[in-house]
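2 protein chains.
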Amino acid sequence: MKLTEAKQQFISSWGAFGTHWGINRTMAQIHALLLVSPDPLTQDDIMQELDISRGNTNMNIRELINWGLVERILLPGERKEYFSAEKDIWKVVKQIVKERKKRELEPMLQLLDKLEEVEGDKRDKHVKTFVETVSSIKKLGKQADKTLDVMIKAEESWFVGNLIKMFK
Amino acid sequence: MKLTEAKQQFISSWGAFGTHWGINRTMAQIHALLLVSPDPLTQDDIMQELDISRGNTNMNIRELINWGLVERILLPGERKEYFSAEKDIWKVVKQIVKERKKRELEPMLQLLDKLEEVEGDKRDKHVKTFVETVSSIKKLGKQADKTLDVMIKAEESWFVGNLIKMFK
DNA sequence: ATAAACTTTCAATAATTTTTGAATTTTCGG
DNA sequence: CCGAAAATTCAAAAATTATTGAAAGTTTAT
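Next comes the structure, spelled out in structure tokens:
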């Protein structure tokens, strides 16, 4: 397979992958393109490669920057902004985990804390099932939260090493 | 907070949560409703509680059954089908992990295997960056795949116990 | 201060996804 | 086997989400 074709496939399937994870196709595609580009690209480069509009490109680059996955690079003597993606995949994964934890897991745990305190007689099976369900989700969620905290701080080698030990 | 309100909030936020994970709102809401219902519900019960159409209800129940999160229950002497969700959250998580691994991670790893073999001179920085990116994603993906396999087979107590040890 | 180069915004439009509900098919007690 | 009850299908409609592109805003070199 030629590089051009391989690149296309990578970008397109990274995009499809993204949509299964609540990330929009274009954002994932821009990320993929930057991941396999040896040098930083401009907004125009990206527009051209992916054949998308200026506004769309701009919006999604900004979103990638918000997620901490892409950085803006200013080359001395150049007017244009360049963009480059973090290439260390472990860092990328940690960054994504960190953001999703903050945006999704933490608010969910807060809500569950509130919901657990529902009024009503625990002998009523509706109340009982509700509280039990909420509590058990909360319990697992809290554990996940702690685990992810450790992961976010960990070096890849340390983390993988420990996982391997665990499975022996 | 009253049970009715708490239930509403739980269902609605579980639905919103789902949409961040590529699951449609209604499917997640039906799941949430069944999770907090002490007894199995019929299609009509679900339609009524969530105020959605028959077709929609049917489609999403079937999808939940495909995911292995809900089971069909036939009560003796009853014509109607009843539905019930697995209440053990650890089992639910394992089931979701299992399905997503099969549907998303495994195909991605297969693709990366192919893309890694791209033709071209490794001294060309475009080729080099492409191969390096693909390889490092593949490496991490394979590790994740193994870890998830262990998790899928594990008992909650064993798994959590080991995680705690790891963080000491 | 100006103008060219570049970035950002956002209302309109397009594409995609979800939902509806009526029609069809299946199931099962009698 | 019949008929009513329940389940399923699917084309059309609605809702949601993504994309465009032109206009407005910024920045920088001179």
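Protein sequence lines correspond, in order, to chains P and F.
Numbering of the first sequence is given in our numbering, commencing with residue 6 and proceeding in unit increments.
Numbering of the second sequence is given in our numbering, commencing with residue 6 and proceeding in unit increments.
Even glycine gets a Cβ: it sits at the ideal position worked out from N, Cα and C.
No experiment lies behind these values; they were computed from the predicted model shown.
- Looking at the DSSP output, F/Arg77 bridges to F/Phe88.
- Close CB contacts of F/Gly125 within its chain, under the 6 Å cut and outside five residues either way in sequence, are with Val132 (chain order).
- With a cut-off of 8 Å on Cβ pairs, the stretch 32 to 46 of chain F is in contact with the stretch 9 to 19 of chain F, counting three or more such pairs.
- According to the DSSP assignment, F/Trp163 belongs to the alpha helix (DSSP H) that extends over 161 to 171.
- From the beta-carbon of P/Leu116, the residues of chain F found nearer than 9 Å are Gln14, Phe15, Ser18.
- Bridge partners of F/Leu46 according to DSSP: F/Phe88.
- Of all residues in the stretch 91 to 116 of chain F, only Lys92, Ile94, Trp95, Val98, Glu109, Met113, Leu116 place a beta-carbon less than 7 Å from a beta-carbon of chain P.
- In this structure, the straight-line span from the alpha carbon of P/Glu10 to that of P/Asp49 is close to 21 Å.
- CA-CA distance, P/Val123 to P/Met171, rounds to 39 Å.
- At a Cβ-Cβ threshold of 8 Å, P/Ile35 and P/Asn71 do not count as neighbours.
- Judged by DSSP in its simplified three-state form, P/Trp72 adopts coil rather than helix or strand.
- Note that the stretch 104 to 121 of chain F does not touch the stretch 159 to 169 of chain P; fewer than 3 beta-carbon pairs, one per stretch, sit closer than 8 Å.
- Spatial neighbours of F/Leu110 in its own chain (CB-CB distance under 8 Å, excluding positions within 5 residues in sequence) are listed in chain order as Gly146, Ala149, Asp150, Leu153.
- Here the C-alpha atom of P/Lys96 lies approximately 31 Å from the C-alpha atom of F/Arg30.
- Close to F/His25, with beta-carbon spacing below 7 Å, are these residues of chain P in chain order: Gly27, Glu109.
- Within the same chain, Lys99, Val102, Phe164 come within 8 Å of F/Met156 by CB-CB distance, once the 5 residues on both sides are set aside.
- Chain P places a beta carbon closer than 8 Å to that of F/Ile142, counting this residue as a contact.
- If you look at F/Arg105, you'll find it in the alpha helix (DSSP H) that goes 94 to 105.
- Within a 10 Å sphere around the beta-carbon of F/Gly82 sit fewer than 16 other beta-carbons, which makes this residue exposed.
- Within a 10 Å sphere around the beta-carbon of F/Gly166 sit fewer than 16 other beta-carbons, which makes this residue exposed.
- Across the structure, F/Pro45 and F/Ser141 are spaced so that their CA atoms are roughly 46 Å apart.
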